[in-house]
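Counting with this note's numbering, you get residues 6 to 447 for the letters of the sequence shown.
Glycine is no exception: its CB is placed at the ideal position from the N, C-alpha and C atoms.
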Amino acid sequence: MAETLKNKPRWAGLEYSTLQQCMRCGLCLSVCPTFTETRRERHGPRGRVALARSIADGKMPMSRAFAQEVYFCLGCLACMSACPAGVDYATIFEHARAEAEKSGLLDNPIRNAIRKTTVHWLFMDLRRLLFLGWLMRLYQRLGIQWLLRKSRIMMLMPKRLQELEAMTPKIPKKFSSRMIRVTTPAKGEKKARYRVAFLTGCAQDLIFSQINRDCVEVLAWNGCEVYSPKRQYCCGSLHAHNGETELARLLAIKQLQQFPPDKFDAIISNAGGCGSHMKHYHAFLKDDPHWAPKAKLWDAKVKDIHEWLEEIGYEPPPPNPKATKTKVTYHESCHLAHGQKVTRQPRSILHSIPNLELIELPESDWCCGSAGIYNIIQPVMANKLLERKINNILKTGASIVANGNSGCMLQLINGFKERNLPIRTVHPISLLAEAYRQRETR
Ligand code: SF4
Ligand code: SF4
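1. Can you give the Cα-Cα distance for Ile3 and Val406, rounded to whole angstroms?
2. Check for me: the alpha helix (DSSP H) holding Arg183 runs from which residue to which?
3. Assuming the contact rule is C-beta atoms closer than 8 Å, Thr334 and Ala387 should be a hit. Round their C-beta distance to whole Å, please.
4. Just reading off the beta strand (DSSP E) that Ser357 is part of, what are its end residues?
5. Excluding the 5 residues flanking Cys88 on each side, which residues of the same chain have their C-beta closer than 6 Å to its C-beta?
6. If I measure Cβ to Cβ from Leu355 and keep anything under 8 Å in the same chain, skipping five residues before and after, which residues do I get?
7. Could you pull the start and end residues of the alpha helix (DSSP H) that Lys164 belongs to?
8. Would you check if the distance between the CB atom of Val187 and the CB atom of Pro114 is smaller than 9 Å?
9. Indicate, with yes or no, if ligand 2 has a heavy atom lying under 8 Å from the CB of Ala90.
10. Taking a contact to mean a Cβ-Cβ separation below 9 Å, would you say His246 touches Gly377 in this structure?
11. Residue range of the alpha helix (DSSP H) that Ile310 falls in?
12. Measuring alpha carbon to alpha carbon, tell me which residue in Asn419, Cys27, Thr401 is nearest Leu391.
13. Using the DSSP secondary-structure output, state which residues sit across from Tyr232 in a beta bridge.
14. Quick check: what's the CA-CA separation for Met6 versus Lys175?
15. So, under 8 Å CB-CB, Cys207 and Phe128 are touching, yes? Tell me the CB distance rounded to an integer number of Å.
16. Helix, strand or coil: how does DSSP classify Val92 here?
17. If Cys84 and Val36 are in contact, beta carbons under 8 Å, what's the gap, nearest whole angstrom?
18. Would you kindly work out how many angstroms separate the C-alpha atoms of Phe269 and Val201, rounded to a whole number?
19. Within 8 Å, do at least three Cβ pairs link the stretch 239 to 254 to the stretch 209 to 226?
20. Tell me, to the nearest whole angstrom, how far the beta carbon of His125 is from that of Leu19; I am working on the premise that it is less than 8 Å.
21. Tell whether a beta-carbon distance below 9 Å holds between Val221 and Leu314.
22. Please confirm if the stretch 338 to 358 is in contact with the stretch 47 to 67, defined as three or more CB-CB distances below 8 Å between the two stretches.
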């Protein structure tokens, strides 16, 4: 029987067998971006699992160095795809970060204040986040941002603040609630064959609300009645990946209340990171007799939009003789490729768009350095990975990078802007929506 660590509060709840599974073969090392960049055992999956096991065994105390190490890991899960022993690195990673937070070893007044404002407050109620987005929109549209940059007042700020300001995304004119109806009926001649729930997300809604609109349109064109309430909650992945298991649990319950899984054929996510987390609510709620069965059903019904469209047999757009060919490459979101194993479907959708020439990206599933908030907390490593990604993109000669995760999209947009590269980043479903719209106007 699996030995649990219930009597060791630092690792409470983690099955000890999860740590025992690693046979130290090292097959994961060559796919690990942090190991590849540093060549240090502790910065690779094998080293991290060994450190976690030593702490669990009581051979090593929980230390600040270990807490920092778990935040140096990207959580990209490439190691999980490579591991022949099936080590559940995602679970180890989440527990390790939770333990790092519980230990308080990383605490300092600035870090604590930032976490309290963002993870504990802003992302617990998306109305707050969208209000902040509205203020940022004013800051950008009233020309205050332009003035500050032009007047060089920014130069008086610390360098890191200047870098963060330069990364501020452009806030769209409207958020999803003003573009998407609560219930969008199936379009065209088709009757609604499916009823699906659609998650608008947090960063996705704040920065890429037009992608949400495109996704709802594409679903409706393919026989889905789409339910997407105006007030939604964060899926909790930000919290789970930053050691806030209890908050992640609360948000999972909010989602189950908002989208009872027995009322829908599928619950659709269009962001790799959110979908990957939402497929594992049962792991957070398994000890709750009321929510556990609902979470199990929920996990089975969560679908990434590419996966769902393939499953229901979406309609490929018709040829468009007037359109010129565009070279597109596909950068895989880590959590879509490694977390959800959705790799074939986005490519197949892109192939079906008549005027696109899909060029395979070297190292397409290598992390771009975005990794949630990794590019904010680990800028040096994040920039190295971004550089590597952009160099690979340039080899393809593509003018569009298709990608299915808001974090990666933002990272690439900033990378292209900084290097003055005329390359666009577009969600594959937005490209499909565009092809459908062209069909409508012909
Ligand atoms: S999650 Fe990514 S960065 Fe972390 S150990 Fe695995 S491959 Fe390396
Ligand atoms: S591939 Fe899996 S079993 Fe082998 S060292 Fe890496 S984590 Fe351990």
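This is what the structure gives:
1. Any answer about residue 3 is impossible in this case: the structure gives the chain only from 6 up to 447.
2. No alpha helix (DSSP H) holds Arg183; DSSP gives it neither H nor E.
3. Between Ala387 and Thr334 the Cβ distance is about 21 Å, and since that is not below 8 Å, they are no contact.
4. Ser357 -> not in any beta strand (DSSP E); alpha helix (DSSP H) instead, spanning 349 to 357.
5. Cys33
6. Val333, Tyr335, Leu361, Leu363, Ala407, Pro433, Leu436
7. 164 to 171
8. no
9. yes
10. yes
11. 310 to 317
12. Asn419
13. Thr188, Ala202
14. Bear in mind that a pLDDT of 40 at Met6, under 50, signals an unreliable position, so the model cannot answer this.
15. 6 Å
16. coil
17. 6 Å
18. 5 Å
19. no
20. No, His125 and Leu19 are not in contact; Cβ-Cβ is about 23 Å, not under 8 Å.
21. no
22. no
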